[in-house]
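Undergrad: Top to bottom, those sequences are chains W and A. The opening position of the first sequence corresponds to residue 6 in the numbering used here, with each subsequent residue numbered one higher. The opening position of the second sequence corresponds to residue 6 in the numbering used here, with each subsequent residue numbered one higher. Before I ask anything, let me first share the structure, which is written out below as structure tokens.
2 protein chains.
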Amino acid sequence: MTVTTDLVVRPIGFVRSVYHRKYEAPRQPGVDERQDVARIELIDTIDAEQCVRDLMSFSHIWIISWFDRVTTWKPMVLPPRSEKKRGVFATRSPHRPNPIGLSVARLVDIHGRTIQIDNTDLLDGTPVLDVKPYVPYADMVTGASNGWLADIEEKVVFHVNTMAIRHRHFVTDELIAHIERTLSLDPNPHPYRRVSERLDGRRELAVRQYRFVFEVNDTQVNVIDAYLADGSLTA
Amino acid sequence: MTVTTDLVVRPIGFVRSVYHRKYEAPRQPGVDERQDVARIELIDTIDAEQCVRDLMSFSHIWIISWFDRVTTWKPMVLPPRSEKKRGVFATRSPHRPNPIGLSVARLVDIHGRTIQIDNTDLLDGTPVLDVKPYVPYADMVTGASNGWLADIEEKVVFHVNTMAIRHRHFVTDELIAHIERTLSLDPNPHPYRRVSERLDGRRELAVRQYRFVFEVNDTQVNVIDAYLADGSLTA
């Protein structure tokens, strides 16, 4: 059966959050220690007062969103911490045939057309397609399996030492936080996370124009050098 | 903020199920005692073999679907068993700004481009936009509230007696099952469920061209007459 029907959706609102770029977002909501409140701003043409009536009686909501910074997909993806590619439908990767995201968030408050949430991994500006209540009797599946994720649940947490680069003038706290977040989950080479293996056997993490050179010993990650990709500082 | 961006989605597949019409589908998945296996048929242009790789390692999946038989929405809806209208985002009603459905289903089997599921409330032919694994550590929210639904959770189950109409030639087992399903949940007048109050004080349930007249005594629903709306049989 081949069908090419186009179905049209329109944003009902947009996410406002502290995460502005893909690399800043936590790999899983809740992993980030920052608990900044994010929010959904409903658009003007939605009758917010009526549409959200009774919503505050729920503690959590589903946010169905549009991965607007994703333009491509492939049938198989390499998820974080996985050692092999998995079928896209067996992952929560944003790179999928219809770039539709599904996230649960705690409902903090609603006023006017603003729905305050926390614990989200959604990027600032993300279009929101729908908001639904989280209904435990429908959405809680006791005994559901974690699938292939169960095999990697027990992976170690890596300890990241960034002391050696903190004196560099361009190394901000934001960059340090990002390096630690990324490498503590998994310092292995990965194209999406922009970790690569160098010719000298060391590894390198790319963040915008910045490059961070590191070595891994057991569960210890030592970031030993930092430079700018335009060559203004050499490793 | 007013934005009218059109975003385009395309079905990755279609549901095949025993439910062909809206009125046949259970109000909640699992409420129906029939456990017929339903399935998702992926379309030809999806590389099924790769896309579903590793999916069988999960016990449950999310199905993001398109309510293709719904064309309208309003900011407030009257959900089943609720005595007042609720904001659409506080309900799981299919009548919503973007008619996107979210259902969890048990994964039974996968072969070729067929994903067998059970326990679904999805109608036959429903377009599927996405399939994602149900991941307990992300999707199970312990302690989440049932919101306004908690207030109606304790409502009684009505016992439906259809003996008086079973001799009518047009009253099939399918119709009986539908009457019992609908009225045992809530025999109160409701426009979507097509239950109305008659001039004689009795109530009436409409199913296609059929009309069923009933009375309610406490938790007992007695269906006392059945007729055809075209007048070929009178009540």
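Just so it is clear, CB atoms sit at the ideal spot from N, CA and C, and this is done for glycine as well. Everything numeric in this text was worked out from a predicted model, so none of it was measured.
1) Could you tell me which residues DSSP pairs with Leu-12(W) in its beta bridges?
2) Could you check whether the Cβ of Met-145(A) sits closer than 8 Å to any Cβ belonging to chain W?
3) Let's test the definition: count the other Cβ atoms within 10 Å of the Cβ of Pro-196(W) and tell me whether it reaches 16, buried, or not, exposed.
4) Give the interface partners of Thr-77(A) over in chain W, defined as CB-CB distance under 8 Å, in chain order.
5) For His-164(W), which beta-bridge partners are listed by DSSP?
6) List, in order along the chain, the chain W residues whose C-beta lies closer than 7 Å to that of Asp-52(A)?
7) In chain W, which residues lie less than 9 Å from Pro-192(A) when you measure between Cβ atoms?
8) Does Leu-60(W) come within less than 8 Å of chain A when only Cβ atoms are used?
9) Kindly indicate which residue of Ile-48(W), Ile-184(W), Thr-177(W) has the alpha-carbon position closest to the one of Val-228(W).
10) Measure from the alpha carbon of Glu-54(W) to the alpha carbon of each residue in Val-212(A), Gly-92(A), Ile-170(A), then state which is nearest.
11) With 8 Å as the threshold, decide whether the Cβ of Ser-70(W) is near any Cβ in chain A.
12) Counting contacts by CB-CB distance shorter than 8 Å, is Val-200(W) in contact with chain A?
13) Using CA coordinates, which residue listed in Gly-18(W), Val-140(W), Gly-152(W), Phe-175(W) is at the minimum distance from Thr-50(W)?
14) Quick one: measure Cβ to Cβ for Val-14(W) and Asn-151(A), integer angstroms, because I've assumed they're closer than 8 Å.
15) Taking 8 Å as the cut-off, decide whether the C-beta atoms of Lys-137(A) and Phe-94(W) are in contact.
16) Go ahead and label Arg-171(W) buried or exposed: buried means 16 or more other beta carbons lie within 10 angstroms of its beta carbon, across all protein chains shown.
17) Would a C-beta distance cut-off of 8 Å place Val-165(A) and Leu-188(A) closer than the cut-off?
18) Using the Cβ count rule (16 or more neighbours within 10 Å means buried), how would you classify Asp-37(W)?
19) Could you give the C-beta distance for Val-20(A) and Leu-128(A), rounded to a whole number, given that I count them as a contact under 8 Å?
20) Between Ile-229(W) and chain A, is any beta-carbon pair separated by less than 8 Å?
21) Excluding sequence positions up to five away, which residues of its chain have a Cβ less than 8 Å from the Cβ of Pro-80(A)?
22) What would DSSP say about Val-93(A), mapped onto helix, strand or coil?
23) Under 8 Å, do Asp-126(A) and Ser-108(A) count as touching if we go by C-beta distance?
24) In the structure shown, what three-state DSSP assignment does His-116(W) receive?
25) Below 7 Å CB to CB, which residues in the same chain sit around Pro-84(W) once its five sequence neighbours on both sides are set aside?
26) For Met-81(W), which three-state DSSP category applies?
27) Looking at chain W, which residues of the region 10 to 26 of chain A have a Cβ within less than 9 Å of any of its Cβ atoms?
28) Taking Cβ-Cβ distances below 8 Å as the criterion, which residues of the region 118 to 132 of chain A are in contact with chain W?
29) Rank Thr-131(W), Trp-67(W), His-100(W), His-116(W) by C-alpha distance to the C-alpha of Val-23(W) and give the top, closest one.
30) When the Cα atoms are used, what is the spatial distance from Val-221(W) to Ala-182(W)?
31) For a test of the three-state rule: what should DSSP assign to Arg-86(W), helix, strand or coil?
32) Within 8 Å (strictly less), CB to CB, does His-65(W) reach chain A?
33) With 16 as the cutoff for other CB atoms within 10 Å, does Leu-154(W) come out buried or exposed?
34) Rank Ile-122(A), Ile-105(A), Arg-101(A) by C-alpha distance to the C-alpha of Arg-111(A) and give the top, closest one.
35) Does DSSP put Asp-144(W) in a helix, in a strand, or in coil?
36) Mapping DSSP to helix, strand and coil, what is His-183(W)?
TA: The short version:
1) Per DSSP, the beta bridge partners of Leu-12(W) are Val-14(A).
2) For Met-145(A), the answer is yes, since a Cβ of chain W falls inside 8 Å of its Cβ.
3) Looking at its Cβ environment, which holds fewer than 16 other Cβ atoms inside 10 Å, Pro-196(W) is exposed.
4) Within chain W, not a single residue places a beta-carbon under 8 Å from that of Thr-77(A); the smallest gap is close to 14 Å.
5) Its beta-bridge partners are Gln-225(W).
6) Chain W residues near Asp-52(A): Pro-80.
7) Neighbourhood of Pro-192(A) in chain W, by CB distance below 9 Å: empty, with the nearest CB roughly 22 Å away.
8) For Leu-60(W), the nearest beta carbon of chain A is closer than 8 Å to its own beta carbon.
9) For the residues Ile-48(W), Ile-184(W), Thr-177(W), the minimum Cα distance to Val-228(W) belongs to Ile-184(W).
10) Of the listed residues, the one whose Cα sits closest to Glu-54(W) is Gly-92(A).
11) It does not; no Cβ of chain A falls within 8 Å.
12) So no, Val-200(W) is outside the interface.
13) Measuring C-alpha to C-alpha distances from Thr-50(W) to each of Gly-18(W), Val-140(W), Gly-152(W), Phe-175(W) identifies Gly-18(W) as the nearest.
14) The beta carbons of Val-14(W) and Asn-151(A) sit about 28 Å from each other, so the pair does not count as a contact at 8 Å.
15) Contact: yes.
16) Per the 10 Å Cβ criterion, exposed.
17) Contact flag set, yes.
18) Because Asp-37(W) carries a pLDDT of 46, less than 50, the predicted location of this residue cannot be relied on, and no value is offered for it.
19) Your pair Val-20(A) and Leu-128(A) checks out as a contact, with CB atoms roughly 7 Å apart and the cut at 8 Å.
20) Not flagged as an interface residue toward chain A: Ile-229(W), since no C-beta distance is shorter than 8 Å.
21) Excluding positions up to five away in sequence, the list reads Gly-92, Val-93.
22) Val-93(A): helix per DSSP, three-state reduction.
23) Their beta carbons are under 8 Å apart, which means Asp-126(A) touches Ser-108(A) by this criterion.
24) For His-116(W), the secondary structure class from DSSP, reduced to helix, strand or coil, is strand.
25) So the qualifying residues of the chain are Arg-91, Thr-96, Ser-98.
26) The answer is strand: DSSP assigns Met-81(W) an E or B state.
27) Going along the region 10 to 26 of chain A in chain order, one finds Thr-10, Asp-11, Leu-12, Val-13, Val-14, Arg-15, Pro-16, Ile-17, Gly-18, Phe-19 with a Cβ nearer than 9 Å to chain W.
28) Residues Pro-132.
29) Nearest C-alpha to Val-23(W) among Thr-131(W), Trp-67(W), His-100(W), His-116(W): Thr-131(W).
30) Cα to Cα, Val-221(W) sits roughly 18 Å from Ala-182(W).
31) Looking at Arg-86(W) - three-state DSSP - the assignment turns out to be coil, as it is neither helix nor strand.
32) By this cut-off, His-65(W) is an interface position.
33) With a 10 Å radius around the Cβ and a threshold of 16 neighbouring Cβ atoms, Leu-154(W) comes out buried.
34) Measuring from the Cα of Arg-111(A), the nearest candidate turns out to be Ile-122(A).
35) Assignment of Asp-144(W) by DSSP, reduced to helix, strand and coil, places it in the helix class.
36) Looking at His-183(W) - three-state DSSP - the assignment turns out to be helix.
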